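This report concerns only the one structure given below.
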Amino acid sequence: MLALLHTSPVHVPVFDALRDRAHPGLELRHLVAADLLERARATGPEAVAGDVRARVREAVDGGARAVLCTCSTLGAVAEAASGVAGVPVLRVDRPMARQAVEAGPRIVVLAALQSTLRPTVGLIEEEARRAGRPARVRPVVVDGAWERFEAGDSSGYLSRVAAAADGVTGADVIVLAQASMAPAVELGGARVPVLSSPGTGLAAGAAAAGGTGGRR
């Protein structure tokens, strides 16, 4: 069984649909803790590290063989919990970051939240160092996107993200920093590849949990 730690309930149907399409038979358990993101935005991700560890322990006690954190802001503190969890704890955006580095050095990161930019840029730069590749990362906050997300206007949110991607120039690849942005890939006509995290992240989580079946 793979446990997913979310900071918004909107991710639950997205990952269930990905599972049904690409990993049939994989058992998922969703843990939603919106308060973690709110507090991390206010005081920094390290301030909620203990609560993230507690959620990971809850998942492991419930039978999870791996935990996937779908929140980019909390990715680093979630990964750090691996050492005490006894199972792999992954961040959903690491496989995407590897893809971005392979695509070319000019990387634009789109985010709806300012708090997401620093951890995402840091992750890409980390993967670039590991690969021995150059990376020139340009972070961009999509104006008005988060307000639309918080208002429950999914269409307006994704439209703003897609429009921002379409307007990017001088890049080899565009990274959508937040998992909730993924559907915008299908809406726009960007001139360069646009990467999102849910598909590759779930694949990594499924592999860490021991394949498509997991433990029942």
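Using the numbering used here, the letters of the sequence shown map in sequence onto residues 985 to 1200. Even for Gly, the Cβ is constructed at its ideal location relative to N, Cα and C. None of these values were measured; they are calculated from a predicted model.
Residue i beta carbon near the ligand NAD (any heavy atom closer than 6 angstroms)
i	result
Val1121	The ligand NAD is not among the ligands present in this structure, which contains no ligands whatsoever.
Backbone secondary structure at residue i - three-state DSSP
i	result
His1014	strand
Leu1186	helix
His995	helix
Leu989	strand
Ser1181	coil
CA-to-CA distance, residue j to residue i, given in whole angstroms
i	j	result
Cys1053	Ser1180	15 angstroms
Leu1020	Arg1132	20 angstroms
Asp1077	Ala987	16 angstroms
Ala1048	Val1016	15 angstroms
Leu1058	Ala1043	16 angstroms
Arg1122	Ala1062	25 angstroms
Val1152	Gly1028	29 angstroms
Asp1045	Met1080	29 angstroms
Arg1200	Ala1187	Residue placement at Arg1200 is flagged as unreliable, the pLDDT there being 29, under the threshold of 50; the coordinate-derived value follows with that caveat. C-alpha separation (whole angstroms): 18 angstroms.
Arg1114	Arg1090	17 angstroms
Ala1193	Ala1050	5 angstroms
Cutoff 7 angstroms: residue i Cβ touching any chain B Cβ
i	result
Arg1023	Going by chain labels, chain B is absent from the structure shown, which holds only one protein chain.
Residue from the options with nearest C-alpha to residue i
i	options	result
Leu1094	Cys1055, Ala1060, Gln1162, Thr1153	Gln1162
Ala1168	Val1176, Val1157, Ala1147, Ala1155	Ala1147
Pro1118	His1014, Glu1086, Ala1190, Gly1154	Glu1086
Glu1111	Leu1142, Gly1189, Glu1134, Gln1083	Gln1083
Leu1171	Thr1184, Gly1189, Tyr1141, Pro1182	Tyr1141
Sequence-distant residues of its chain with Cβ nearer than 8 angstroms to residue i (five each side left out)
i	result
Gly1197	Per-residue confidence for Gly1197 stands at a pLDDT of 40, beneath the threshold of 50, marking its modelled position as unreliable; the derived number appears in the next sentence. Once the five neighbours on either side are set aside, the close Cβ partners of Gly1197 are Gly1009, Leu1010, Glu1011.
Spatial neighbours of residue i in its chain, beta-carbon cut-off 7 angstroms, leaving aside the 5 residues before and after
i	result
Val994	Ser1164
Ser1066	Pro1072, Val1073
Asp1035	Leu1020
Pro997	none
Cβ-based neighbour list, residue i, same chain, cut-off 6 angstroms, excluding 5 preceding and 5 following
i	result
Arg1037	Ala1065
**Request:** Could you name each continuous beta strand (DSSP E) segment of 3 residues or more that falls completely within the segment 1112-1163, going from the start of the chain to the end?
**Result:** Counting whole runs of 3 or more residues, the segment 1112-1163 contains the beta strand (DSSP E) stretches 1120-1125, 1157-1160.
**Prompt:** What alpha helix (DSSP H) runs, 4 residues minimum, are completely inside the segment 1039-1127?
**Reply:** For the segment 1039-1127, the full-length alpha helix (DSSP H) segments reaching 4 residues or more read 1059-1064, 1066-1069, 1078-1087, 1098-1115 along the chain.
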